[in-house]
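Q: In this note's numbering, the protein residues as written are 550 to 872.
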Ligand SMILES: Nc1nc2c(c(=O)[nH]1)N[C@H]1C(S)=C(S)[C@@H](COP(=O)(O)O)O[C@H]1N2
Ligand SMILES: [Mo]
């Protein structure tokens, strides 16, 4: 029998050095044997503890004209067990293991900066501001893996209108919760907390930019950024800040966590672009999480497949310079 070698079906791990390698592993090593033992004990305790997925959290939704047609969603299991949420650790399964300590009620988003008046929105009020839509989007991480996620939310623009930003507001910044009592890795992972992201105003107002409260028919599992996050489907995943507590309208491009950490690797725009490689790996191809083996590698699409809707926002811009 002829066995065909399928050497090209997965991206070798040597090709991509996860950010966790330089963020976190080093400090585990420095902690020495005691640290490793404590970590192992923590892991064991977590196995015995239930995960942060609740049963009574169904959401009523309407279908959306902005949903991407013809895609098969990634499994709920993969969406909730292969995460980046460094407040809970840098391994992909850390958020599923540890995000149970995140308290999502009471919760509010405070709005400040260039607005008519400062405001505070309670999460339950926020969720009723607009009908919640089902929106299936492609999701592409800068680490060259991708998923298809059936999100629930409404256009961020609807929220921004309620914030009454001044005409001088050119950018909007999103800040995530930073509470070490709920997010154990804050003290361990060397990033400039709180997690901060930002968009230019026209990007934030684009109807595809989603203020997100749920996925797969229910509220966001903690590990996916409960109780509220942003999703920007044509940008790399790190632009989509989780567990947002503050929104700030500003005149100048705000500083953002990954851009501060490594500006040559993570630009402010971070539009998905197969023609502009990350300095340490190609962005031409992506690994599709949970796909059957013959579909695990697929070409990455310009603007993650949303070029028809968003490319006009960047006409005349050099996308190699503004990566
Ligand atoms: N607060 C916060 N938001 C975050 C991150 C994070 O570490 N902290 N990681 C980002 C990255 S790199 C990605 S790929 C997505 C992952 O979202 P998911 O786990 O729901 O797929 O969240 C983004 N938002
Ligand atoms: Mo990411």
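Note that CB positions come from ideal geometry on N, CA and C, so glycine has one too.
Can you give me the Cβ contacts of residue 807 inside the same chain, cut-off strictly under 6 Å, excluding the 5 residues immediately before and after it?
A: Only 787 and 815 meet the Cβ criterion.
Q: Only counting the same chain, and skipping five residues up and downstream in sequence, which positions put a Cβ closer than 6 Å to that of residue 704?
A: 756
Q: Could you round the C-beta distance between residue 620 and residue 687 to whole angstroms and report it? I think they count as a contact, below 8 Å.
A: 7 Å
Q: Using a Cβ-Cβ cut-off of 8 Å (strictly less than) and excluding sequence neighbours within five positions of residue 627, which residues of its own chain qualify?
A: The answer, listed in chain order, is 696, 838 and 839.
Q: Please indicate yes or no: does the CB of residue 844 lie closer than 7 Å to some heavy atom of ligand 1?
A: no
Q: Three or more C-beta pairs under 8 Å: does that hold for the region 732-747 against the region 770-777?
A: The way I'd put it, the region 732-747 doesn't touch the region 770-777; fewer than three beta-carbon pairs between them come closer than 8 Å.
Q: From residue 676 to residue 701, what distance separates their C-alpha atoms?
A: 10 Å
Q: Using 8 Å for Cβ pairs, my map puts residue 714 next to residue 663. What's the rounded Cβ distance?
A: Right, their Cβ atoms sit about 6 Å apart.
Q: Shortest alpha-carbon distance to residue 873 belongs to which of 699, 792, 635 and 718?
A: The first residue shown for the chain is 550 and the last is 872, placing residue 873 beyond what the model contains.
Q: Between the C-alpha atoms of residue 694 and residue 845, what's the straight-line distance to the nearest angstrom?
A: 10 Å
Q: In this structure, what does DSSP give as the bridge partners for residue 694?
A: 836
Q: In this structure, what does DSSP give as the bridge partners for residue 662?
A: 798
Q: For a test of your reading of the model: does the CB of residue 779 fall under 7 Å from any non-hydrogen atom of ligand 2? Yes or no.
A: No.
Q: Look up residue 723 in the DSSP assignment and say whether it is helix, strand or coil.
A: strand
Q: Any chance the CB of residue 747 is under 7 Å from a heavy atom of ligand 2?
A: no
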